[in-house]
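To start, the structure under review is shown below, and the notes come after it.
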Amino acid sequence: NYVEQDKSRGIYFTQDWASMPGVMAVASGGIHVWHMPALVEIFGDDSVLQFGGGTLGHPWGNAPGATANRVALEACVQARNEGRSMAREGGDIIREAARWSPELAAACELWKEIKFEFEAMDTV
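Sequential numbering of the sequence shown, starting at 153, is according to this note's numbering.
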């Protein structure tokens, strides 16, 4: 019924849900592998990441696109669990993972010029 703020799991606020059924955060719309560090930092572990074009737009096809997203996610979660900063080291974390994942390397090259432009919204 009541959820306390817990910034260690992402951007959460104290909320009175009044016995409302549970909900889950969803990230969708133009997201790709370079967004993964910010998504892990913002949403934590309890979210749905809907990569449409970020999967289907991979130059080698859908399955390599899904692999690239999964490798990026696992690299970010592992780095976060090791105490690394997604905000400061996110790009390095993705580049390191791309060294051993050709699918991720191809996705990084494809979307290298696209940025998360959310500075005005990130004031929490």
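Where a beta carbon is used, it is the ideal one built from N, C-alpha and C, also for glycine.
Neighbourhood of residue i by C-beta distance below 7 Å, restricted to the same chain and skipping five residues each side
| i | result |
| --- | --- |
| A249 | V223, A224, A227, L256 |
Whole-angstrom distance between residue j and residue i, CA atom to CA atom
| i | j | result |
| --- | --- | --- |
| A177 | W252 | 30 Å |
| A258 | G204 | 17 Å |
| P216 | G181 | 19 Å |
| N221 | D198 | 17 Å |
| E261 | R232 | 23 Å |
| E241 | H187 | 13 Å |
| V229 | S160 | 13 Å |
Cutoff 6 Å; reference residue i; Cβ partners in own chain excluding five residues on either side
| i | result |
| --- | --- |
| E156 | T166 |
| W263 | H184, W186 |
| E193 | M238 |
Residue burial classification, residue i (beta-carbon count within 10 angstroms, cutoff 16)
| i | result |
| --- | --- |
| G235 | exposed |
| L208 | exposed |
| A239 | exposed |
| H185 | It should be noted that the sequence gives Val, not His, for residue 185. Buried is the call here. |
| G174 | exposed |
| G243 | exposed |
Same chain, Cβ closer than 8 Å to residue i, neighbours up to 5 away in sequence not counted
| i | result |
| --- | --- |
| I183 | L191, L201, Q202, F203, G206 |
| T219 | S253, E255, L256 |
| N214 | T207, L208 |
Supposed contact pair residue j and residue i - C-beta distance, whole angstroms, cut 8 Å
| i | j | result |
| --- | --- | --- |
| P189 | I246 | 7 Å |
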